[in-house]
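*Asks:*
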Amino acid sequence: MHAISPGDVVRSHAGRDRESYFFVLDVVGGYALLADGKLRRVESPKRKNLRHIAFITDEESKVRIKILRGEKLQNAEIRKALAAMVGAAE
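According to this note's numbering, the sequence shown is numbered sequentially starting from 1.
(1) With which residues is Ser12 paired in a DSSP beta bridge?
(2) Would you report the Cα separation of Lys48 and Gly29, rounded to the nearest angstrom?
(3) Just to confirm my understanding: we take Ala14, look at its own chain, exclude 5 residues before and 5 after, and list those with CB closer than 7 angstroms. What are they?
(4) My output table needs one value for Arg18: the three-state DSSP class, helix, strand or coil.
(5) For Glu19 and Gln74, what's the separation of their Cα atoms in angstroms?
(6) Would you call the CB atoms of Val10 and Ala76 closer than 8 angstroms?
(7) Using a Cβ-Cβ cut-off of 6 angstroms (strictly less than) and excluding sequence neighbours within five positions of Gly7, which residues of its own chain qualify?
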């Protein structure tokens, strides 16, 4: 099993946001802070238990690099990157 870390793309498998894709902004004490750029924006990330999300990919992207460097992110960047990754995976 892959340890979830900042910059990973994950899918929720529990809760109202089930089957939604997110970028992991940070991991703190058994919880991941998630953003999708639409409903969960960078300014107010979703705090979700690590047991309720599944690792999808840690593929290199501009968004992942920005997250790892601690640079400021735009919600539009997250939306576009997720759309490209999820569209390619399906």
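Glycine included, every Cβ here is placed at the ideal spot set by N, Cα and C.
*Replies:* Here's the rundown:
(1) Ile53
(2) 11 angstroms
(3) His52
(4) coil
(5) 23 angstroms
(6) no
(7) Arg64, Ile67, Leu68
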